[in-house]
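Chemist: Counted from 1, the sequence shown has number 1267 at position 367 by this note's numbering; the numbering is strictly sequential. The C-beta atom is built at its ideal place from N, Cα and C for all residues, glycine as well.
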Amino acid sequence: MQITSDFDTGNIIVENLDGTTAQLAIRPDTNNTFYQWFYFRASGDAGESRRFTITNAGGASYPFAWPEYDVLASYDETHWFRLPTRYEDGQLIFEHQATQATASYAFFVPYTAAQRESLLKTCEAAGITRRTLGHSYQQRPIEAVVFGDESRPVKKVWVIARQHAGEPMAEYAADGLIRVLLATEDTSAQSLLQKATVYVVPNINPDGSTLGNLRANAAGVDLNRAWDNPTEECPEISAVLNAIEETGVDFFIDLHGDEHRPYIWIVPPGVEISPEARRLVDYFEIELAKRNPEVQPPPVSVAGVAADHLGMAVNYIAATYGCPAWTPELPFKATSNPQDGDDSLLATGCMRFGRSCVEALDTIIEVE
Ligand SMILES: [Zn+2]
């Protein structure tokens, strides 16, 4: 068996390989100590039984991600399925009876730069404005697509995704949202675009994504702690903030993934906003919950950062522009719903959630 992660958004270190038994470690983020995202490919003989142990799982950024979690695998990078996974003594262990010679294994269904380019090209072909807002630390473009007529005095909606590079579900949600906005026959999308211009940044951290990081950009910055003080080390934020300053913003969505909980929850602004903005924040969550059985109320306590941290986009934008803002958190762990059954929030489920954001926005935004 051979193992490689030398491709876009790949991450694994092979510590020891003995036949079909591999001892692996997850590589920390570039210039930071975060780690949890992994994605690698193994090639050998069809029919062989493989055993993988990620030896440094216990030291990952969110060790509570591992209990009740099952690794994803695929033979074709399109259809992904779960493998029974154990978390024992700080190690993540999974076995695979591979029916084909080559298979990929990942923390979640990867979303690659090639997929992004294909989607943005589809937008261009449909006559949608594709705009470079600035460049990342490693000079990759920070790109937005613009839906609706910008010259009309209507509401401005901004959607960004994947500040945290190892949260590809966020980019799948943005992908689904973009595709419904492209659908000229979709009544919700067309209704929304009468009332609003929608700016979507499907990936604000292309460096971290390509490098296989969990959270940080190439300079090691956690972008979602830096909105109140963007330095030269996080030009990704300045690129988007400058564009928002130019257009204004009335509604803001920042898409993320949650390692811990097996459901979707929506982080509201933790800063003071007007009663009307707060009403709209709650209204949007209710509309999302109607459409997605996986949406649950926010957990009572969330470990880590203070709820009002102004370095977080949801708080910075709400505080600066006084507008409703949300951080939907989509799970890494398997979910189920009556429509799609088990594992309802893999790639297509996350895309469906993105579509539902368009419907919910259309519902809460009133005609002027
Ligand atoms: Zn995140």
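As a quick exercise: from Val1098, Thr1110, Tyr1221, Phe964, pick the residue whose alpha carbon is nearest that of Val1016.
Modeler: Taking the first residue of the sequence shown as position 1, residue 1016 is located at position 116. For the record, residue 1016 in the displayed sequence is Arg; it is not Val. The shortest C-alpha separation from Arg1016 is found at Thr1110.
Chemist: When the distance is taken between beta carbons, is Tyr1005 closer than 7 angstroms to Ala957?
Modeler: In the sequence shown, residue 957 corresponds to position 57, counting from 1. In the sequence shown, residue 1005 corresponds to position 105, counting from 1. Cβ atoms of Ala957 and Tyr1005: not closer than 7 angstroms.
Chemist: Starting from Arg1125, trace the beta strand (DSSP E) both ways and give me its first and last residue.
Modeler: Stepping through the sequence shown from its first residue, residue 1125 is reached at position 225. It is not in any beta strand (DSSP E) - Arg1125 carries neither H nor E in the DSSP assignment.
Chemist: Output yes or no for whether 7 angstroms exceeds the beta carbon distance between Ala1070 and Arg1079.
Modeler: Mapped onto the sequence shown, residue 1070 falls at position 170. Mapped onto the sequence shown, residue 1079 falls at position 179. No, the Cβ-Cβ distance between Ala1070 and Arg1079 is not below 7 angstroms.
Chemist: Is the region 901 to 909 touching the region 939 to 947 in the sense that three or more CB pairs, one from each, lie closer than 8 angstroms?
Modeler: Contact between the region 939 to 947 and the region 901 to 909 is present, because at least three Cβ pairs lie under 8 angstroms.
Chemist: Kindly identify the DSSP beta-bridge partner or partners of Ser974.
Modeler: As a working mapping, residue 974 is identified with position 74 in the sequence shown. Answer by DSSP bridge pairing, in chain order: Trp980, Ser1004.
Chemist: What are the boundary residues of the beta strand (DSSP E) that Lys1325 is part of?
Modeler: Missing from the structure shown is residue 1325; the chain here goes from 901 to 1268 and no further.
Chemist: Does the beta-carbon of Glu1146, which I'm using as the reference point, lie nearer than 6 angstroms to any heavy atom of ligand 1?
Modeler: Looking up residue 1146 in the sequence shown gives position 246. No, the Cβ of Glu1146 stays beyond 6 angstroms of every heavy atom of ligand 1.
Chemist: Which word fits Thr1227, buried or exposed, when buried means at least 16 other C-beta atoms lie within 10 angstroms of its C-beta?
Modeler: On the sequence shown, residue 1227 is found 327 positions in, with the first residue counted as 1. Buried, by the Cβ-count rule.
Chemist: Would you call the region 1078 to 1095 and the region 1121 to 1131 touching, i.e. three or more CB-CB distances under 8 angstroms?
Modeler: Taking 8 angstroms as the limit for Cβ pairs, the verdict is that the region 1121 to 1131 does not touch the region 1078 to 1095.
Chemist: Taking C-alpha atoms, which residue in Ala1118, Glu1146, Leu1082, Phe1007 lies nearest to Glu1136?
Modeler: If you number the sequence shown from 1, residue 1136 lands on position 236. Of the listed residues, the one whose Cα sits closest to Glu1136 is Ala1118.
Chemist: At which residue ranges does the region 927 to 970 contain complete beta strand (DSSP E) runs of 3 or more residues, listed in the order of the chain?
Modeler: Those beta strand (DSSP E) runs which fall completely within the region 927 to 970 and span 3+ residues are 939 to 943, 949 to 954.
Chemist: Measure the CB-CB distance between Lys1056 and Gly1148 and report whether it falls below 7 angstroms.
Modeler: Your numbering for residue 1056 matches position 156 in the sequence shown. Your numbering for residue 1148 matches position 248 in the sequence shown. The answer is yes: Cβ separation under 7 angstroms.
Chemist: Suppose you measure from the CA of Glu977 to the CA of Glu988; what does that come to, to the nearest Å?
Modeler: Against the sequence shown, residue 977 aligns to sequence position 77. Against the sequence shown, residue 988 aligns to sequence position 88. Looking at the two C-alpha atoms, the distance is approximately 28 angstroms.
Chemist: Extract the residue ranges of the alpha helix (DSSP H) inside the region 1152 to 1223, only unbroken runs of 4 or more that lie entirely within it.
Modeler: Those alpha helix (DSSP H) runs which fall completely within the region 1152 to 1223 and span 4+ residues are 1175 to 1191, 1213 to 1221.
Chemist: Here's the rule: buried if 16 or more other CB atoms are within 10 angstroms of the residue's CB, otherwise exposed. What is His1064?
Modeler: By 1-based counting over the sequence shown, the position of residue 1064 is 164. His1064 is buried by the Cβ-count criterion.
Chemist: Please report the Cβ distance between Phe964 and Arg1115, rounded to the nearest whole angstrom; I am assuming they are in contact, meaning their Cβ atoms lie under 8 angstroms.
Modeler: Your numbering for residue 964 matches position 64 in the sequence shown. Your numbering for residue 1115 matches position 215 in the sequence shown. About 16 angstroms; that fails the 8 angstroms criterion.
Chemist: Indicate whether Ala1219 and Val1171 have their beta-carbon atoms separated by less than 7 angstroms.
Modeler: The sequence position of residue 1219 within the sequence shown is 319, counting from 1. The sequence position of residue 1171 within the sequence shown is 271, counting from 1. Going by C-beta atoms, Ala1219 is nearer than 7 angstroms to Val1171.
Chemist: Measure the Cβ-Cβ separation of Asn911 and Phe938 and say whether it is below 7 angstroms.
Modeler: Here residue 911 is taken as the residue at index 11 of the sequence shown, counted from 1. Here residue 938 is taken as the residue at index 38 of the sequence shown, counted from 1. A contact, by the Cβ cut-off of 7 angstroms.
Chemist: First and last residue of the alpha helix (DSSP H) that includes Leu1020?
Modeler: In the sequence shown, residue 1020 corresponds to position 120, counting from 1. Start and end: 1013 to 1025.
Chemist: So what's Ala1096 in DSSP terms, helix, strand or just coil?
Modeler: Position 196 of the sequence shown holds residue 1096. Ala1096: strand per DSSP, three-state reduction.
Chemist: By Cβ distance below 7 angstroms, which residues in the same chain neighbour Gln997 in space, the five residues on each side in sequence not counted?
Modeler: Sequence index remark: in the sequence shown, residue 997 carries index 97 (1-based). Only Ser949 meet the Cβ criterion.
Chemist: With DSSP collapsed to three states, give me the class of Thr1261.
Modeler: The residue labelled residue 1261 in the question sits at position 361 within the sequence shown. The identity of residue 1261 in the sequence shown is Leu, whereas the question assumes Thr. Leu1261: helix per DSSP, three-state reduction.
Chemist: Count the CB pairs spanning the region 1239 to 1251 and the region 1172 to 1190 that are closer than 8 angstroms, and state whether there are at least three.
Modeler: The region 1239 to 1251 is not in contact with the region 1172 to 1190.
Chemist: Tell me whether the beta-carbon of Glu1229 lies closer than 7 angstroms to the beta-carbon of Asp1158.
Modeler: Residue 1229 sits at position 329 when you count from the first residue of the sequence shown. Residue 1158 sits at position 258 when you count from the first residue of the sequence shown. Contact flag set, yes.
Chemist: What residue range is occupied by the uninterrupted beta strand (DSSP E) comprising Tyr1037?
Modeler: Residue 1037 sits at position 137 when you count from the first residue of the sequence shown. Taken as a continuous stretch (DSSP letters only), Tyr1037 belongs to no beta strand (DSSP E), as it is neither H nor E.
Chemist: Looking only at its chain, what residues have a beta carbon closer than 7 angstroms to the beta carbon of Glu1194, apart from the 5 residues adjacent to it on each side?
Modeler: For the purposes of this step, residue 1194 is identified with residue 294 of the sequence shown, where counting begins at 1. The residues are Tyr1163, Ile1164, Thr1235, Asn1237, Ser1244, Leu1245.
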